[in-house]
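Chains as they are written, first to last, in our numbering: chain A, 312 to 527; chain B, -15 to 267.
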């Protein structure tokens, strides 16, 4: 908890506070809503970038903490932002539908399945970004390039799937309240995958960070 | 070498290999309540040694003992006792010192707020400033304040006086001597040897990753003499030379004290010893 508090007070980048608010874009018709998650991953990249510029590792490693804990705290901070983004999105989805739902031609409609999609995007991001970042904390750009490329490929596949894959087209991308049950199940499965993927990422990140030589 | 019982920190056979550089099996001790100067030219291995001691880099061999306890075994507890200050380290430049202090304090149950206040006042530091608003000397003083307030016993200083004006350097040297008076131990890495002449008890001299000297300062200085020589250097002097440097009037030649009797010479300054020994290696 002390390390998480330190992350919030010393490492948090201003974009970390407002990028999750971009979830409000679910109110915009015909928008690829999965991109809202990308803005939060961009904030995570900025946090890691400014941590490098502020010599955060040099400070953290003089504290009585292990490298494993330091890596865990950074990932936990990022998971908090990801969760905040999805919560805000979940709050605006009913608003969007109250204002008049219409089919989204650019990916999933604003419905429960969109939250599941968000969990899957963050799972992909976390599995790729953090282990790569903690192998060399001086190169967050490299980790972000790999992870955001994977996220964008996933977004393209998702948009294509809303037209071509029957389950996605007819169940996940359907505004029909009768499909809410399977969509909620999809959210729960995605959430479980997110938890598993992020745990795996944390373990790999901790191992990578423990081995690396830090030129401070 | 100091006996293990008196050593606060013991480094044993510390080694690290990089492409093109090898830190070779370093062993030395730091006695409690002393200031040890760690000298050597840029790239000699000073920072690699310090980074290995602090586990910022993982050494390929050897171990570091703190009061006889392996660093790896009780890393958290030992870290609490070590204050690390580096001239090149400037963290969270836009955060107020107050914020940095509050976060730092939360990690140390034994934090001494009275010492913190006293030291901040002594160094004329304001909590409302950010590191970006402090001079290099003040940043180092702030880092020392944090280390003191959490009860550090050992201060590892990596080039703390580099880039500072003479007055600021003098102030810091005085601060180091005050720490020593309080029983603190200091490892002071620098290539500004004149700072060490004012405060160091012992000298570690590293060259190309190898420890070439581990002696008390006075003994180290007394073991050499500087001889002024014409150009060319007389053969009998060249035969005992430990390194020579060109001057406008000829050469200065470093010789071991034992070989200096036939020549008229003077005491060697620490910087002269370091420079001449480097020249010997190059020759």
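We treat Cβ as the ideally placed atom computed from N, Cα and C, and that holds for glycine.
Here the structure is a predicted model, which is why all the values come from computation and not from measurement.
{"Asked": "Short CB-CB distance (under 8 Å) between residue 146(B) and chain A", "Found": "no"}
{"Asked": "Cβ-based burial, residue 334(A) [other Cβ within 10 Å; buried from 16]", "Found": "buried"}
{"Asked": "Proximity of residue 429(A) and residue 322(A) at Cβ, strictly below 8 Å", "Found": "no"}
{"Asked": "Beta-carbon spacing of residue 21(B), residue 187(B) below 8 Å", "Found": "yes"}
{"Asked": "Residue 66(B), DSSP secondary structure in three states", "Found": "strand"}
{"Asked": "Where the alpha helix (DSSP H) through residue 202(B) begins and ends", "Found": "201 to 206"}
{"Asked": "Partners in chain B for residue 518(A), counting only beta-carbon separations shorter than 8 Å", "Found": "Chain B residues near residue 518(A): none, gap ~13 Å exceeds 8 Å."}
{"Asked": "Interface residues of chain B facing residue 524(A) [CB-CB closer than 7 Å]", "Found": "41, 42"}
{"Asked": "Any 3 or more C-beta pairs closer than 8 Å across the segment 11 to 25 of chain B and the segment 172 to 190 of chain B", "Found": "yes"}
{"Asked": "Under 8 Å by beta carbon: chain A residues contacting residue 64(B)", "Found": "375"}
{"Asked": "Contact check, residue 467(A) vs residue 352(A), beta carbons under 8 Å", "Found": "no"}
{"Asked": "Chain B within 8 Å of residue 320(A), Cβ atoms only", "Found": "yes"}
{"Asked": "Within-8 Å CB hit, residue 372(A) to chain B", "Found": "yes"}
{"Asked": "Cα-Cα separation, residue 417(A) to residue 484(A)", "Found": "11 Å"}
{"Asked": "Any chain A beta carbon closer than 8 Å to residue 79(B)", "Found": "yes"}
{"Asked": "Spatial distance of residue 41(B) from residue 1(B) (CA atoms)", "Found": "11 Å"}
{"Asked": "Cβ pair residue 382(A), residue 445(A) closer than 8 Å", "Found": "yes"}
{"Asked": "Own chain partners of residue 257(B) with C-beta closer than 6 Å, once the 5 adjacent residues on each side are dropped", "Found": "208"}
{"Asked": "Contact list for the segment 83 to 99 of chain B against chain A, Cβ threshold 9 Å", "Found": "83, 84, 86, 87, 88, 90, 91, 92"}
{"Asked": "CB of residue 403(A) within 8 Å of CB of residue 500(A), strictly", "Found": "no"}
{"Asked": "CA-to-CA distance, residue 355(A) to residue 118(B), given in whole angstroms", "Found": "29 Å"}
{"Asked": "Own chain partners of residue 196(B) with C-beta closer than 6 Å, once the 5 adjacent residues on each side are dropped", "Found": "189"}
{"Asked": "9 Å Cβ cut-off: residues of chain B touching residue 313(A)", "Found": "87, 90, 91"}
{"Asked": "Nearest candidate by alpha-carbon position, reference residue 3(B), set 54(B), 193(B), 107(B), 172(B)", "Found": "193(B)"}
{"Asked": "Under 8 Å from the C-beta of residue 68(B): neighbouring residues of chain A", "Found": "373"}
{"Asked": "Given 8 Å, three or more beta-carbon pairs between the segment 202 to 219 of chain B and the segment 160 to 179 of chain B", "Found": "no"}
{"Asked": "Residue 249(B) classed as buried or exposed, judged by whether at least 16 other C-beta atoms fall within 10 angstroms", "Found": "buried"}
{"Asked": "Sheet register partners of residue 54(B) (DSSP bridge)", "Found": "49(B)"}
{"Asked": "Exposed unless 16 or more other CB atoms sit within 10 angstroms - verdict on residue -10(B)", "Found": "exposed"}
{"Asked": "Three-state secondary structure (DSSP) of residue 1(B)", "Found": "strand"}
{"Asked": "Cβ-based burial, residue 460(A) [other Cβ within 10 Å; buried from 16]", "Found": "exposed"}
{"Asked": "Within chain A, the residues that residue 260(B) reaches when beta carbons sit closer than 9 Å", "Found": "Near residue 260(B) there are no residues of chain A at all, since even the closest Cβ is about 31 Å away, more than 9 Å."}
{"Asked": "Cβ distance (whole Å) where residue 30(B) is taken to contact residue 173(B) below 8 Å", "Found": "5 Å"}
{"Asked": "Local conformation of residue 444(A) per DSSP, three classes", "Found": "helix"}
{"Asked": "Contact under 8 Å by Cβ, residue 262(B) with residue 191(B)", "Found": "yes"}
{"Asked": "Residue 138(B) versus 11(B), 67(B), 32(B), residue with shortest Cα-Cα distance", "Found": "67(B)"}
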